Ligand SMILES: [Zn+2]
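Residue numbers (our numbering): 17 to 162.
The structure is reproduced here in structure tokens:
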């Protein structure tokens, strides 16, 4: 277990996505344009026409993932996560008229009518995310030992 403390909260980025926009790709683009390297999602809601995500399928030491693409009208009920060193790690909850889906947001997820998302910049946080020897993304101090 490790904890990392930022100096504080900096700017807040509010993104408005419209029909056909790519969710993850657009967020990455906005973060890069603003020069935001570290952030937390404070809100994310909207609707999707295509959800691309993966989820775990077992209990082995290294994760085995199942990748899914769902294409139908869906509510984006929630999206949470952390941006570390410019790389988002987001999980989302989406639902169609019958069921809900949860998983790790992948590129290709597409907005139906709109998505509104806000992210709060974390200042003074020198952390990187690297895969450990079990292929699990793990946070390390930027200049510290891996
Ligand atoms: Zn994940």
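Beta carbons: idealized from backbone N, C-alpha and C, even for Gly. What you are looking at is a predicted structure, and each value in this text was computed from that prediction instead of being measured.
Mind listing which residues have their beta carbon within less than 6 Å of any non-hydrogen atom of ligand 1? Chain order is fine. 105, 107, 120
Are the Cβ atoms of residue 128 and residue 89 separated by less than 8 Å? yes
Reference residue 130, options 66, 121, 122, closest by Cα: 66
Once the 5 residues before and after residue 25 are set aside, which same chain residues still bring their CB inside 6 Å of it? 136
Unbroken stretches of the beta strand (DSSP E), 3 residues or longer, contained in the stretch 97-157: 103-111, 116-121, 126-139, 143-147, 153-157
Exposed or buried, residue 119, counting other C-beta atoms within 10 Å across all chains shown (16 or more means buried)? buried
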